[in-house]
Amino acid sequence: MPVSSDTSPPPHPLLRCSVIAVAVTALAIAFAYVAGWLTPQRLTPQRMVSALQTNSGLYPGYRRNHAKGVCVAGYFEGNGAASAYSTASVFEKARTPVLGRFSIPGGNPYAPDGSTPVRALGLRFNLPNGQQWRTAMINTPVFIVSTPEAFNQLTVATRPDPATGKPDPARAGAFFASHPETAAFLGWAKTNKPSASFATDRYDALNAFYFVDTHGQQHPVRWRFEPEAKDEAGAGPKADDNDYLSQDLRQRLATTPQRWRLLVTLAAPGDPTNDPTKAWPADRTTIDAGTLVIENEQAQDNAPCRDINFDPTILPAGIIVSDDPLLPARSAAYADSYLRRTREEAHIPGTTPAATPKPETK
Amino acid sequence: MTAPRAFHPLARLLHWTMAVLVLAMLFIGVGMVSTVSPKHQWLLAIHKPLGITILLLVVLRIIVRLRFRPPALPADMPALMQFAAHASHWLLYALMLGMPLIGWAMLSAGGYPVMLGSSWRLPAILPASPVLFAWLREAHQYLAYLFFFTILGHMGAALYHALIRRDDVYPSMTTGFPASVEAAKKPPENIGPPPPDVLPPSDNAG
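In order, the protein sequences belong to chains U and R. For the first sequence, position 251 (counting from the first letter as 1) is numbered 252 according to the working numbering, and the numbering increases by one without interruption. For the second sequence, position 117 (counting from the first letter as 1) is numbered 148 according to the working numbering, and the numbering increases by one without interruption.
The following block contains the structure:
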């Protein structure tokens, strides 16, 4: 071991070497622990997304959930009514450009539209100051579970049986029995038949947020978009049509823009902000904050919405996240899903390459 | 002009401040991408402004480094060790400068608004591109691992200088009083008083 010429060999060299080894190793172990490498049972965003991917199969370049969708564009016209509660410029009497995406859940971009009663809407509002408001909503009044852990257990419990291609009813049943908070969602799913149009559905943010007013005061809120279009009696999809939602939207937009009212519900003291399985009572104050106007649509494969991560925690000044534990989990999992599909798009070694150009969804 | 024996006090202050910030940053980064808990949100909220703070500090540090010469490595250090020391320092500077810029570019390419607070936004430095995003995001992750391993090596080497070699390298970044300088100040033991001709001229000579 080289030693500086003007110093003698150190006393206790072994002890000194072990001090160095212990210090370096301790730091490395702390890093590995924080990274989750030492705790395989811990729920990480990667494990959540992998569970979804296991259920649906791998479709390179596509979202790991809500893989099937259609891009839309338009604007939001605020009416000023929500400005008393939030400083976000989107609520002022002004037009804000919006990019969006209608979708159905699941990781299969070729899934039949009738396979699920759930429809979803992701929106990205581009505010004039460069800030953004992103929101990802579904057409149900309540979410199915309250926590990311329960969501992951649900994903695992409803994994298709390789023999039948369908979830094992016993396993799924056991999950629902042990999670009574799922009852409200299951009740909705049982009675709600798959709708025939994206344009006639309502889309609910489910998670609570806070609006922040000019005085810095926080107001717990939930928002939803209520359609102006109504379902026409008797108008429904043909039995064998698996892609009727995008065709219906194309036809509607070819003649007229589609409109939704943004309804913001203010919580009363005691209303839960951390549990999207519990709806707030119907008598809560609701503000009509403006109108979403969707003017055109495009197939998602090469349209701008493909590359948007509709992370619901990307918010402009004037809106902040609540204590809902699903919000950080959604943000983390969406980021991992976004990384996976952009990696495949970029043909990064070690990933399954996405087809270029992506096939049209059939 | 003689080479300085220690780092300039400003360089030492920047080194230890950044040591804490960069280590915190690496732990925050690896923690925020691997948790679904509410920690994800506040780690993310710290990560971005802290990254910009580190970027500003490293620019200041490079100026200080160019303005004030660092001390030379001990002449008796083997050539391979000297090379490793210089190479790892270059690498650390490159990573301190590169990581915040890659993070910023990555968010820009991903189409995200680069928010440092609820309303403080940095401009995008790249056009939105999912392909660029993916490469930069991968680079950000793997360079962070490289950064962490380089820091482990740097820390091990510093402790090796302090505990085994016991040369001037460690004090040159801590107290600024290298052991050999301290030793030179004191009269060597067991040799007796210095000869009279090396004593400074006494006051009563004038």
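Beta carbons: idealized from backbone N, C-alpha and C, even for Gly.
For residue i, report the span of its alpha helix (DSSP H) as first-last.
i	result
glutamate 150 of chain U	149-158
isoleucine 315 of chain U	No alpha helix (DSSP H) holds isoleucine 315 of chain U; DSSP gives it neither H nor E.
leucine 1 of chain U	Because chain U spans 2 through 363 in this model, residue 1 of chain U falls outside it and cannot be assessed.
alanine 82 of chain U	Looking at the DSSP string, alanine 82 of chain U is not in any alpha helix (DSSP H), and its letter there is neither H nor E.
valine 294 of chain U	It is not in any alpha helix (DSSP H) - valine 294 of chain U instead sits in the beta strand (DSSP E) that spans 287-300.
isoleucine 195 of chain R	Careful: isoleucine 195 of chain R lies outside any alpha helix (DSSP H) and carries neither H nor E.
glutamate 345 of chain U	327-346
glycine 60 of chain R	40-63
leucine 254 of chain U	245-256
What are the partner residues of residue i, as DSSP defines its beta bridges?
i	result
alanine 137 of chain U	U:Gly123
histidine 180 of chain U	Paired residues: none, contrary to the question.
glycine 70 of chain U	U:Ser104
methionine 100 of chain R	It should be noted that the sequence gives arginine, not methionine, for residue 100 of chain R. DSSP, once it has assigned bridges, lists no residue as partnering arginine 100 of chain R.
tyrosine 76 of chain U	U:Pro98 and U:Val294
tryptophan 1 of chain U	Outside the shown range of chain U (2 to 363) lies residue 1 of chain U, about which nothing can therefore be said.
leucine 153 of chain R	R:Val145
proline 228 of chain U	U:Trp261
proline 168 of chain U	U:Pro161
Compute every distance between the C-beta of residue i and the non-hydrogen atoms of the ligand GDP, then say whether any falls below 7 Å.
i	result
threonine 278 of chain U	The ligand GDP is not among the ligands present in this structure, which contains no ligands whatsoever.
Just mark residue i as buried or exposed, buried being the case when its beta carbon has 16 or more other beta carbons within 10 Å.
i	result
proline 10 of chain U	exposed
serine 150 of chain R	exposed
glutamine 248 of chain U	exposed
valine 23 of chain U	exposed
isoleucine 288 of chain U	buried
glutamine 218 of chain U	exposed
histidine 117 of chain R	exposed
histidine 192 of chain R	buried
tyrosine 164 of chain R	Checking the displayed sequence, the identity of residue 164 of chain R turns out to be phenylalanine instead of tyrosine. With 16 or more Cβ atoms within 10 Å of its Cβ, phenylalanine 164 of chain R is classed as buried.
arginine 238 of chain R	The structure shown does not extend to residue 238 of chain R, since chain R is modelled only from 32 through 237, so no value can be given for it.
arginine 341 of chain U	buried
arginine 344 of chain U	buried
serine 65 of chain R	buried
threonine 1 of chain U	Only positions 2 to 363 of chain U appear in the structure, and residue 1 of chain U is not among them; the question remains open.
glutamine 252 of chain U	exposed
glutamine 365 of chain U	Because chain U here runs from 2 to 363, residue 365 of chain U falls outside it and cannot be looked at.
alanine 356 of chain U	exposed
valine 200 of chain R	buried
lysine 231 of chain U	exposed
arginine 172 of chain U	exposed
phenylalanine 180 of chain R	exposed
histidine 13 of chain U	exposed
asparagine 193 of chain U	exposed
leucine 53 of chain U	buried
tyrosine 86 of chain U	buried
glutamine 42 of chain U	exposed
valine 95 of chain R	buried
proline 270 of chain U	exposed
lysine 191 of chain U	exposed
Kindly indicate the opening and closing residues of the beta strand (DSSP E) around residue i.
i	result
arginine 96 of chain U	96-105
valine 322 of chain U	320-322
Secondary structure, alpha helix (DSSP H): runs of 4+ residues fully inside the stretch 25-58 of chain U: 46-57
Cβ contact check for the stretch 33-49 of chain R and the stretch 86-104 of chain R: 3 or more pairs under 8 Å: Touching, per the Cβ criterion.
Evaluate the contact criterion for the stretch 181-188 of chain R versus the stretch 69-84 of chain R: three or more CB pairs, one atom per stretch, below 8 Å. no
Which whole runs of the beta strand (DSSP E) in the stretch 102-150 of chain R are 3 residues long or more, in chain order? none
For the stretch 173-222 of chain U, list the beta strand (DSSP E) runs that are entirely contained and at least 3 residues long, ordered along the chain. 210-213
With a cut-off of 8 Å, do at least 3 Cβ pairs link the stretch 128-145 of chain R to the stretch 76-89 of chain R? yes
Touch test, the stretch 146-159 of chain U against the stretch 320-330 of chain U, Cβ-Cβ under 8 Å, three pairs minimum: yes
At least three beta-carbon pairs within less than 8 Å, the stretch 85-103 of chain U to the stretch 108-117 of chain R: When C-beta atoms of the stretch 85-103 of chain U are compared with those of the stretch 108-117 of chain R, fewer than three pairs fall below 8 Å, so the two segments do not count as touching.
Three or more beta-carbon pairs under 8 Å between the stretch 107-116 of chain U and the stretch 77-88 of chain U, yes or no? Contact between the stretch 107-116 of chain U and the stretch 77-88 of chain U is absent, because fewer than three Cβ pairs lie under 8 Å.
Whether or not the stretch 120-128 of chain U and the stretch 302-320 of chain U are in contact is what I'm after, with contact meaning three or more pairs of Cβ atoms, one per stretch, closer than 8 Å; do they touch? yes
Stretch-stretch touch, CB-based, cutoff 8 Å, three pairs: the stretch 285-299 of chain U with the stretch 158-166 of chain U: no
How about the stretch 202-214 of chain U and the stretch 272-282 of chain U: do they share at least three Cβ pairs that are nearer than 8 Å? yes
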